[in-house]
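Colleague:
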Amino acid sequence: MNRAVLLVSACAVMVGISYGMHSPIVPVFSRDELAADYSQVGLIGTVNYLPYMFAPLFVGLMLDRINKSYILAAGIILNIFAIFMLSTAQSVPEVMLFRTLAGVAHALFWPSAEVLISTNSNAETRIKGIATFTAAWVMGFMVGPLIGKLVLDAFDYRMLFQFSAIAVAAGLVPALLLRGHGRPVQQPETRLQPGSLLQVAREMSSYPTLTTVLLYYAVTFGVVLAVYPAYMREASLSNQDIEILFFVFGLSRFATLYFVQKISRFATLALALAVALTAVGMLISFASTSFLSFAIALAVIGLATSIFYPVTFNLVTRNTPPGKVGQKLGVYETLFGAGWTAGPIAVGLSSDAFGSSVPYLALFLIGTALSGTIALFRRK
484 MNRAVLLVSA CAVMVGISYG MHSPIVPVFS RDELAADYSQ VGLIGTVNYL
534 PYMFAPLFVG LMLDRINKSY ILAAGIILNI FAIFMLSTAQ SVPEVMLFRT
584 LAGVAHALFW PSAEVLISTN SNAETRIKGI ATFTAAWVMG FMVGPLIGKL
634 VLDAFDYRML FQFSAIAVAA GLVPALLLRG HGRPVQQPET RLQPGSLLQV
684 AREMSSYPTL TTVLLYYAVT FGVVLAVYPA YMREASLSNQ DIEILFFVFG
734 LSRFATLYFV QKISRFATLA LALAVALTAV GMLISFASTS FLSFAIALAV
784 IGLATSIFYP VTFNLVTRNT PPGKVGQKLG VYETLFGAGW TAGPIAVGLS
834 SDAFGSSVPY LALFLIGTAL SGTIALFRRK
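For the sequence shown, this note's numbering assigns the number 484 to the initial residue and increments by one for each residue that follows.
1) Go to Leu-708, then tell me how far its alpha helix (DSSP H) extends in each direction, as first and last residue.
2) Taking DSSP as the reference, what is the three-state secondary structure of Asn-722?
3) Beta carbon of Val-587, beta carbon of Leu-561: below 8 Å?
4) Give a yes or no on whether the C-beta atoms belonging to Leu-781 and Val-830 are separated by under 8 Å.
5) Please state if the CB of Ala-495 and the CB of Phe-616 are separated by a distance shorter than 8 Å.
6) Taking the C-alpha atoms as reference points, what is the distance between Phe-624 and Val-509?
7) Could you tell me which whole alpha helix (DSSP H) segments of length 4 or greater appear in the region 736–764?
8) Can you tell which of Pro-576, Met-497, Gly-558 has the C-alpha that lies nearest to the C-alpha of Leu-517?
9) For Pro-507, which three-state DSSP category applies?
10) Would you report the Cα separation of Val-634 and Phe-749, rounded to the nearest angstrom?
11) For the putative contact between Ala-757 and Ala-787, defined by C-beta atoms under 8 Å, what is the C-beta separation to the nearest angstrom?
12) Taking 8 Å as the cut-off, decide whether the C-beta atoms of Gly-826 and Ala-701 are in contact.
13) I need the straight-line Cα distance from Val-532 to Leu-766, nearest angstrom please.
14) Quick one: using the 10 Å Cβ neighbour count with 16 as the cut-off for buried, is Phe-796 buried or exposed?
15) Would you tell me roughly how many angstroms separate the C-alpha atoms of Arg-609 and His-664, rounded to the nearest one?
16) Does DSSP put Ile-549 in a helix, a strand or coil?
17) Distance, Cα to Cα, Leu-526 vs Met-568?
18) Identify the continuous alpha helix (DSSP H) that holds Phe-581 and give its terminal residues.
19) What's the C-alpha gap between Gly-820 and Leu-697?
20) Among Val-783, Thr-695, Ile-746, which residue has its Cα nearest to the Cα of Arg-736?
21) Can you tell which of Thr-772, Val-621, Ser-595 has its C-alpha closest to the C-alpha of Thr-739?
22) Where do the N-terminal and C-terminal ends of the alpha helix (DSSP H) with Ala-650 fall, by residue?
23) Please check the pair Gly-733 and Pro-628, which I expect to be a contact at CB under 8 Å, by giving their CB distance rounded to whole angstroms.
24) What number of angstroms, rounded off, separates the C-alpha of Leu-490 from the C-alpha of Ala-658?
25) Do you know offhand how far Ala-650's Cα is from Met-642's?
26) So, for Phe-847: in the same chain, excluding its five sequence neighbours on each side, which residues have a beta-carbon less than 7 Å away from its beta-carbon?
27) Taking Ala-658 as part of the alpha helix (DSSP H), name the residues at either end of that continuous run.
28) If I measure Cβ to Cβ from Asp-724 and keep anything under 8 Å in the same chain, skipping five residues before and after, which residues do I get?
29) Using the C-alpha atoms, what's the distance from Phe-564 back to Ala-653?
30) Can you list, in chain order, the residues of its chain with a C-beta nearer than 8 Å to that of Ala-845? Leave out the 5 residues immediately preceding and following it.
31) Kindly indicate which residue of Val-578, Thr-529, Glu-726 has the alpha-carbon position closest to the one of Arg-514.
32) Can you tell me whether DSSP reads Thr-673 as helix, strand or coil?
33) How many Å lie between Val-706 and Ser-570 at the Cα?
34) Within 10 angstroms of the Cβ of Lys-745, are there 16 or more other Cβ atoms? Answer buried if so, exposed if not.
35) Looking at C-alpha atoms only, which residue of Ile-857, Met-497, Gln-523, Ala-487 is the closest neighbour of Pro-691?
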C-alpha cells in the first residue's frame with residue numbers, strides 16, 4: 484500500500500471517529516434541548532448536506548489545479564470550528580448555521596481525499612486504495628459511537644461536541660504530511676473551463692442506472708444520519724442506545740468490506756443488490772421500532788452502504804485521465820449531494836404530515852421498484 488493511501492486513510496479514521504461520535508446525536512440534541520419538530524430536524528439535515536450539492540463542482544476543479552492536501556486540511560480546520568460551535572448553540576437556526584459550515588467542510592474533505600487516492604494509484608490498485616480508505620472511514624465511524632456513549636455516560640451533549648472537535652483535529656497531522664502527494668497533474672485539461680465540466684456531466688448522464696442508484700443511496704444515507712436518530716428517540720430509545728445502534732451500523736459496514744471487491748465485479752447487479760438491501764432495512768424500520776429491529780435494519784443498511792460506495796466510485800473513475808479525475812468526481816459528488824439534500828427535508832416534512840414511520844415505507848417501495856427494474860434490464 485502506498486504512503487499516500489495510508490496517510491489519507493489515517494486522516495479518514497480521525498474524522499470518522501468524530502463523525503461517529505456526534506452525527507447521530509445532532510438530531511436528538513435538536514429534539515430534546517431545542518424542541519425541534521421533524522420538519523426542523525429534516526431542515527437541519529438538509530442545510531448540512533446542501534453545500535455538498537454545489538461545492539464539489541468547484542472543489543473538483545480546484546483539485547485539478549492546486550495542492551490537494553491544502554484543500555483536505557482546510558476541510559478539517561473548518562470542521563473543527565463547526566463541530567465545536569455546536570456546543571454553544573441555543574436555537575435551531577444556530578444549529579442550522581453550524582451544520583451548513585460542517586457541510587462545506589465535508590465538501591472540501593471528501594472529494595480531496597478521493598482524488599488523492601485516485602491520482603496516487605494506478606487503475607489496478609485504485610479500487611484497493613479506495614477500499615482501504617473506506618475501511619478506515621468505516622472503522623472510525625464504528626468506533627466513534629462507542630466513544631460517544633462513554634462521553635454521554637459522564638457528560639452532556641455539549642461536551643460530546645467539544646470532544647468530537649478535538650477528535651477531528653487529530654486528522655490535521657496526516658493531512659499536512661500529504662503535501663508531497665497532492666501536487667496537481669500538469670495537463671491542459673486542468674484549466675477552469677465550464678465547457679469541459681459540462682462535457683463530464685453529459686458523459687455521466689449517459690449512465691441513468693448509475694445516476695438513479697446514486698440518488699437513492701444518497702437520499703437513504705442522508706435520512707439515516709439526519710432523521711433516523713430522532714425516529715429512534717421517539718421510540719423511547721436512550722442516547723446511549725442510539726450510539727450503540729450506530730456502532731452496529733458501522734460494524735456491519737466494516738465486516739462486509741472484505742467481500743466488496745468480489746461483489747464489485749458484478750457492477751450493476753451489485754448495485755441492484757445494495758438497493759434491495761436498503762429497501763429491506765427501510766421496511767423493517769417501518770414495521771417495528773424495537774431496539775432489536777433497529778439493530779437488524781441498520782446492519783442490513785450498513786451492508787448495502789459497503790457495496791454502494793466502492794462500486795459507484797470505481798464505475799465513475801475508470802478510464803478517466805488523471806487531469807480530469809477531480810472534475811468527474813465533482814459531478815459525482817454533486818449528484819450525491821442532491822440526494823443528501825432532498826432526503827432529510829422530504830422525510831422530515833412527511834413525518835410531521837403523515838406519521839414518523841410512513842417515509843420508511845415509501846423508501847421501501849421506491850427501492851424495491853428500482854432494484855427490480857435494474858435486475859430486469861440487466862437480465863435482458
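Cβ coordinates follow ideal geometry from the N, Cα and C atoms, glycine included.
Modeller: Here's the rundown:
1) If you number the sequence shown from 1, residue 708 lands on position 225. Looking at the DSSP string, the run of the alpha helix (DSSP H) that includes Leu-708 is 691–709.
2) Locating residue 722 in the sequence shown gives position 239, counting from the first residue. Looking at Asn-722 - three-state DSSP - the assignment turns out to be helix.
3) In the sequence shown, residue 587 corresponds to position 104, counting from 1. In the sequence shown, residue 561 corresponds to position 78, counting from 1. Cβ atoms of Val-587 and Leu-561: closer than 8 Å.
4) The sequence position of residue 781 within the sequence shown is 298, counting from 1. The sequence position of residue 830 within the sequence shown is 347, counting from 1. No, Cβ-Cβ distance for Leu-781 and Val-830 is not below 8 Å.
5) To locate residue 616, count along the sequence shown from 1; it is residue 133. To locate residue 495, count along the sequence shown from 1; it is residue 12. Result yes, Cβ atoms of Phe-616 and Ala-495 sit closer than 8 Å.
6) As a first step, residue 624 is located in the sequence shown; it is residue number 141 there, counting from the start. As a first step, residue 509 is located in the sequence shown; it is residue number 26 there, counting from the start. Rounded to whole angstroms, Phe-624 to Val-509 spans 15 Å at the Cα level.
7) 743–746
8) Within the sequence shown, residue 517 is the residue found at index 34, counting from 1. Comparing Cα positions, the closest option is Pro-576.
9) On the sequence shown, position 24 is the one that residue 507 refers to. Note: Pro-507 maps to coil in three-state DSSP.
10) The residue labelled residue 634 in the question sits at position 151 within the sequence shown. The residue labelled residue 749 in the question sits at position 266 within the sequence shown. Taking the straight line joining both Cα atoms gives about 42 Å.
11) Numbered from 1 along the sequence shown, position 274 holds the residue referred to as residue 757. Numbered from 1 along the sequence shown, position 304 holds the residue referred to as residue 787. Yes, Ala-757 and Ala-787 are in contact; Cβ-Cβ is about 4 Å, under 8 Å.
12) Taking the first residue of the sequence shown as 1, we reach residue 826 at position 343. Taking the first residue of the sequence shown as 1, we reach residue 701 at position 218. Going by C-beta atoms, Gly-826 is nearer than 8 Å to Ala-701.
13) As a working note, residue 532 is residue 49 in the sequence shown. As a working note, residue 766 is residue 283 in the sequence shown. Here residue 532 is Tyr; the residue named in the question, Val, does not match the sequence. Cα to Cα, the separation comes out at about 25 Å.
14) Taking the first residue of the sequence shown as position 1, residue 796 is located at position 313. Phe-796 is buried by the Cβ-count criterion.
15) Numbered from its first residue, the sequence shown carries residue 609 at position 126. Numbered from its first residue, the sequence shown carries residue 664 at position 181. Those two C-alpha atoms are separated by around 15 Å.
16) For the purposes of this step, residue 549 is taken as the residue at position 66 of the sequence shown. Coil, per DSSP.
17) In the sequence shown, counting from the first residue as 1, residue 526 sits at position 43. In the sequence shown, counting from the first residue as 1, residue 568 sits at position 85. Their Cα atoms are separated by approximately 18 Å.
18) Taking the sequence shown and counting its residues from 1, the one referred to as residue 581 is at position 98. First-last of the alpha helix (DSSP H) with Phe-581: 575–602.
19) Counting from 1 along the sequence shown, the entry for residue 820 is found at position 337. Counting from 1 along the sequence shown, the entry for residue 697 is found at position 214. Each residue's alpha carbon lies about 10 Å from the other.
20) As a working note, residue 736 is residue 253 in the sequence shown. The shortest Cα separation from Arg-736 among Val-783, Thr-695, Ile-746 belongs to Val-783.
21) Position 256 of the sequence shown, counting from 1, holds the residue named residue 739. Minimum Cα distance to Thr-739 is reached at Val-621.
22) Locating residue 650 in the sequence shown gives position 167, counting from the first residue. Note, Ala-650: alpha helix (DSSP H), 640–652.
23) Taking the sequence shown and counting its residues from 1, the one referred to as residue 733 is at position 250. Taking the sequence shown and counting its residues from 1, the one referred to as residue 628 is at position 145. Their Cβ separation, rounded to whole angstroms, is 7 Å, which keeps Gly-733 and Pro-628 in contact under 8 Å.
24) Locating residue 490 in the sequence shown gives position 7, counting from the first residue. Locating residue 658 in the sequence shown gives position 175, counting from the first residue. Taking the straight line from one Cα to the other gives about 7 Å.
25) Residue 650 sits at position 167 when you count from the first residue of the sequence shown. Residue 642 sits at position 159 when you count from the first residue of the sequence shown. The alpha-carbon atoms of Ala-650 and Met-642 are separated by roughly 12 Å.
26) Here residue 847 refers to the residue found at position 364 when the sequence shown is read from its first residue. Cβ within range, chain order: Ala-762, Met-765, Leu-766, Phe-769.
27) As a first step, residue 658 is located in the sequence shown; it is residue number 175 there, counting from the start. Element bounds for Ala-658: 655–660.
28) Locating residue 724 in the sequence shown gives position 241, counting from the first residue. So the list reads Met-715, Phe-774, once near-sequence residues are dropped.
29) Stepping through the sequence shown from its first residue, residue 653 is reached at position 170. Stepping through the sequence shown from its first residue, residue 564 is reached at position 81. C-alpha separation (whole angstroms): 13 Å.
30) By one-based count along the sequence shown, residue 845 stands at place 362. Only Ser-833 meet the Cβ criterion.
31) Counted from its first residue, the sequence shown places residue 514 at position 31. That would be Val-578, whose Cα lies nearest to the Cα of Arg-514.
32) The sequence position of residue 673 within the sequence shown is 190, counting from 1. In this prediction, Thr-673 has a pLDDT of 43, which is less than 50 and means its spatial position is unreliable; what the coordinates show is noted afterwards. Thr-673 falls in the helix class under three-state DSSP.
33) Start at 1 with the first residue of the sequence shown, and residue 706 comes out as number 223. Start at 1 with the first residue of the sequence shown, and residue 570 comes out as number 87. About 23 Å.
34) Along the sequence shown, read from residue 1 onward, the residue named residue 745 stands at position 262. Lys-745 comes out exposed.
35) By one-based count along the sequence shown, residue 691 stands at place 208. Nearest of Ile-857, Met-497, Gln-523, Ala-487 to Pro-691, Cα basis: Ile-857.
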